[in-house]
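S.K.:
Residue numbers (the numbering used here), protein chains in the order written: chain A, -8 to 301; chain B, -8 to 301.
1) With 8 Å as the C-beta to C-beta threshold (strictly closer), list the residues of the region 13 to 47 of chain B near chain A in chain order.
2) Should residue 254/B go down as buried or exposed, given a rule of 16 or more other Cβ atoms within 10 Å for buried?
3) Could you check where the beta strand (DSSP E) with residue 176/A kicks off and where it finishes?
4) Can you give me the C-alpha to C-alpha distance between residue 218/A and residue 27/A, rounded to a whole angstrom?
5) Could you please give the first and the last residue of the uninterrupted beta strand (DSSP E) stretch that includes residue 209/A?
6) Who pairs with residue 21/A in a beta bridge, going by DSSP?
7) Closer than 8 Å, Cβ to Cβ, to anything on chain B: give me those residues from the region 233 to 255 of chain A, in chain order.
8) With DSSP as the reference, please indicate the residues paired to residue 223/A in a beta bridge.
9) If you compare alpha carbons, which of 183/A, 280/A, 143/A and 94/A is closest to residue 62/A?
10) For a quick check, are the C-beta atoms of residue 176/B and residue 221/B less than 9 Å apart?
11) Under a Cβ-count criterion, where at least 16 other Cβ atoms within 10 Å of its own Cβ denotes burial, should residue 79/A be classed as buried or exposed?
12) Determine the burial state of residue 295/B: buried for a count of at least 16 other Cβ atoms within 10 Å of its Cβ, exposed for fewer.
13) Mind checking who residue 95/B pairs with in its DSSP beta bridge?
14) Taking the C-alpha atoms as reference points, what is the distance between residue 52/A and residue 233/A?
15) Any C-beta of chain B sitting closer than 9 Å to the C-beta of residue 97/A?
16) Taking all protein chains shown into account, do 16 or more other C-beta atoms lie within 10 angstroms of the C-beta of residue 249/A, making it buried, or fewer, making it exposed?
17) Let me know the secondary structure DSSP gives residue 72/A once reduced to three states.
18) Decide yes or no for the touch test of the region 274 to 285 of chain B against the region 120 to 134 of chain B: beta carbon pairs closer than 8 Å, at least 3 of them.
19) Residue 149/B bridges to which residues according to DSSP?
20) DSSP three-state call for residue 288/B: helix, strand or coil?
21) State whether the region 139 to 155 of chain A contacts the region 30 to 41 of chain A, with contact taken as three or more CB pairs (one from each stretch) at a distance under 8 Å.
22) Within the continuous alpha helix (DSSP H) that includes residue 144/A, where are the two ends?
23) Are the C-beta of residue 143/B and some C-beta of chain A separated by less than 9 Å?
24) Check whether the Cβ of residue 281/A lies closer than 9 Å to any Cβ atom in chain B.
25) Given residue 121/B, which residues of its chain have a CB within under 6 Å of its CB, disregarding the five upstream and five downstream residues?
26) Apart from the five residues just before and just after residue 106/A, which ones in its own chain have a Cβ nearer than 6 Å to its Cβ?
27) Pick from 114/A, 119/A, 117/A and 54/A: whose alpha carbon is nearest that of residue 92/A?
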């Protein structure tokens, strides 16, 4: 895989994504080879044009505009489909388009039910891509909820994509994800209302001061025409320099890893507890709670108390 | 609180929401008094007009249209604001509007960071409202991601609110949440495209068969004018009868409780592990992982192995 074989890469990602036998050993073996890639996280509400922008950015880097001629890995996360669990049609078309350039690798991921820890799996897949030698990893996800916050938190650079005229809830959306955006993009900026969105971002920025002293720039794009893509690449490079110059890269990475360790601990500990109680017993207890014969708080305490004891 | 005192109710909810001292004992004491309320879950993408619809539905029930004159509790969950953590302005205005009717109680909730377990806290708040004697609890939330799926899963009746012309991502949104909607609402149905949305729902329904045999009806509303609210209330009543007639209420509740027990176990086990390792140690380990001196998979295994041992 580290020699560049794409099929082996795809198989390694599937192993990790599906938690197939050996996934944990694979990650332990790959981790020491990771840590070299730059990770970009891109999110925004449905219809903001994220996929188009990610495609344009990947093409830009690959078309000789990047002095290091970096290879690109794209992880397209779709947290809105918790049950269907498959890649959406659009992604398959995208993959075909890039098929001619082995320097771009695209992988779609969907949520695996409520116990998924989608952010965790996404992080693990990014580790695999990183270890495989991809220089630049883009994680794109649809939405502005907690899932997306958790996912973009994996990134070195977080980009929030907004569009003019997002309706009544634009205020809510921006307030939520405001603190984690390192760069704002106003896509479809040829539409009416682009200046309004820009003004609102400025207003929100004046209210919140980042502890790293960075003021997130606002880049206007029309992704479908490629407008503003160069400027976005520059904004990304500027932020990377800023992190480097102020020795913030390690601090940011350590903060992210602390969150990720907690998430991993959460999943691992739950597995221990489930093994302890057994799924059949849990189903029986659930019926008794539904009938109000048992209270759930005591049930959980009693299970937890037994873990690791015997 | 069970005598109807609203201030005590508010205090009890805050205790549970903030995990203030005694929250667990409070829930254990209240749980036996819960289980009588009917819980409605309403979700949909930003801008679908959920709050307006919930308000109209609450008014409808309170204006003598409900033969049992049921009292209403509304929990407005805002998962889009993980960092601001406060109630949004709109909710405060809504609370004032209903101030004259003590039969309606509104409470806003926001996400508490990535470790929140927002669905869990929402479930606990619903238990408090239920135990306080509210007959009908409406949980409304903005969005169609995993958070929202987890939250509406708490409900006896799940209502998905769509609008005409939601843009390119409408297909994705509907595919994701399709399986959990017991009733579809097309709000703002006087707009162009309402028939399109209806057709798309029908198409998706023809692809997925529910294991309980229920075919979710589609109700068209214009919430701002009160149109279709009566029909929605009827659809809710129909589904309730269907559950009753086929003895599905307990099955559904037991399934929900199984998910909730797992979530609770997850949180409780994580707490045990965090206590075991200590937050200071965890921060130090995170730095070593960020520096790639340690691999995170081994770190987590080692912590987990120690829990409950000593």
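Virtual Cβ for every residue (Gly too), placed ideally from N, Cα, C.
M.R.: Taking the definition as stated:
1) 15, 18, 19, 22, 23, 25, 26, 36, 37 and 38
2) Locating residue 254/B in the second chain gives position 263, counting from the first residue. Classification of residue 254/B: buried, given that the 10 Å Cβ count is 16 or more.
3) One-based indexing of the first chain puts residue 176/A at position 185. Start and end: 174 to 177.
4) For the purposes of this step, residue 218/A is identified with residue 227 of the first chain, where counting begins at 1. For the purposes of this step, residue 27/A is identified with residue 36 of the first chain, where counting begins at 1. Going by the C-alpha atoms only, they are around 30 Å apart.
5) For the purposes of this step, residue 209/A is taken as the residue at position 218 of the first chain. Residues 209 to 211.
6) Position 30 of the first chain, counted from the first residue, corresponds to residue 21/A. DSSP, once it has assigned bridges, lists no residue as partnering residue 21/A.
7) 241, 244, 245, 246, 247, 248, 249, 250, 251, 252, 253, 254 and 255
8) As a position in the first chain, residue 223/A is number 232, starting the count at 1. According to DSSP, residue 223/A bridges with nothing at all.
9) Residue 62/A sits at position 71 when you count from the first residue of the first chain. For residue 62/A, the nearest C-alpha among the options comes from 94/A.
10) Here residue 176/B refers to the residue found at position 185 when the second chain is read from its first residue. Here residue 221/B refers to the residue found at position 230 when the second chain is read from its first residue. No, Cβ-Cβ distance for residue 176/B and residue 221/B is not below 9 Å.
11) The count along the first chain starts at 1 and reaches residue 79/A at position 88. Any answer about residue 79/A is weak, because its pLDDT of 49 lies below 50 and its placement is not dependable; what the coordinates show is given next. Result: buried.
12) The residue labelled residue 295/B in the question sits at position 304 within the second chain. Buried, since its Cβ has 16 or more Cβ neighbours within 10 Å.
13) Within the second chain, residue 95/B is the residue found at index 104, counting from 1. 63/B.
14) Mapped onto the first chain, residue 52/A falls at position 61. Mapped onto the first chain, residue 233/A falls at position 242. Going from the Cα of residue 52/A to the Cα of residue 233/A covers about 20 Å.
15) One-based indexing of the first chain puts residue 97/A at position 106. Judged by the 9 Å Cβ criterion, residue 97/A is not in contact with chain B.
16) Taking the first chain and counting its residues from 1, the one referred to as residue 249/A is at position 258. Residue 249/A should be labelled buried.
17) Counted from its first residue, the first chain places residue 72/A at position 81. Caution is warranted here: a pLDDT of 48 is assigned to residue 72/A, below 50, making its placement in the model unreliable, and the coordinate value is therefore given only provisionally. Correct three-state label for residue 72/A: coil.
18) no
19) Position 158 of the second chain holds residue 149/B. According to DSSP, which records beta bridges pairwise, residue 149/B is partnered with 32/B.
20) Within the second chain, residue 288/B is the residue found at index 297, counting from 1. Correct three-state label for residue 288/B: helix.
21) yes
22) Looking up residue 144/A in the first chain gives position 153. No alpha helix (DSSP H) holds residue 144/A; DSSP gives it neither H nor E.
23) Taking the second chain and counting its residues from 1, the one referred to as residue 143/B is at position 152. So, not an interface residue.
24) Taking the first residue of the first chain as position 1, residue 281/A is located at position 290. With 9 Å as the cut-off, residue 281/A counts as an interface residue toward chain B.
25) The sequence position of residue 121/B within the second chain is 130, counting from 1. Contacts found: 25 and 28.
26) Translated into the one-based positions of the first chain, residue 106/A becomes position 115. Its pLDDT being 43, under 50, residue 106/A is placed unreliably in this model, and the coordinates cannot settle the point.
27) Translated into positions along the first chain, residue 92/A becomes position 101. Among 114/A, 119/A, 117/A and 54/A, the Cα nearest to that of residue 92/A belongs to 54/A.
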